[in-house]
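Under the working numbering, the first residue of the sequence shown is numbered 49, with each subsequent residue one higher.
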Amino acid sequence: YRRLTPKMRTVDEHPLLFSDLNLANDFFSSVRKRYFGLTSFMAVPFFKTPFFIPILNFFDKLDEVILFLLPFLKKYAWIVVLDLSSPKTKL
49 YRRLTPKMRT VDEHPLLFSD LNLANDFFSS VRKRYFGLTS FMAVPFFKTP
99 FFIPILNFFD KLDEVILFLL PFLKKYAWIV VLDLSSPKTK L
């Protein structure tokens, strides 16, 4: 997707790296990361069909299982949701 939309990017923009995500640990005592979108994009061809929601749900569950069993694949997920809480005091 990034290669198809180069004009929608800033010069210094880049996909988040694990090192970027790990910076959150410097500022928050509680950092929870959840990953999504490993296989769910495969439901897109069914978007305008009655099968879309069941197929999307299937791929969402498949993502959960795959990412639990093979956590090294998290770097290929399209979406990461960060739940940051308990900010650390200033250093």
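Backbone N, C-alpha and C define an ideal beta-carbon position, used for all residues, glycine too.
Keep in mind that this is a model prediction, so the values were computed, not measured.
| query | result |
| --- | --- |
| Inter-stretch contact at 8 Å, needing at least 3 Cβ pairs: the segment 57-68 / the segment 100-111 | no |
| Nearest-angstrom beta carbon gap, Leu132 and Phe76 [assumed within contact, 8 Å] | 4 Å |
| Residues bridged to Pro119 (per DSSP) | In the DSSP output, where bridge partners are listed per residue, Pro119 has none listed. |
| Terminal residues of the alpha helix (DSSP H) in which Leu69 lies | Phe66 to Asn70 |
| Per DSSP, the bridge partner or partners of Ser133 | Ser78 |
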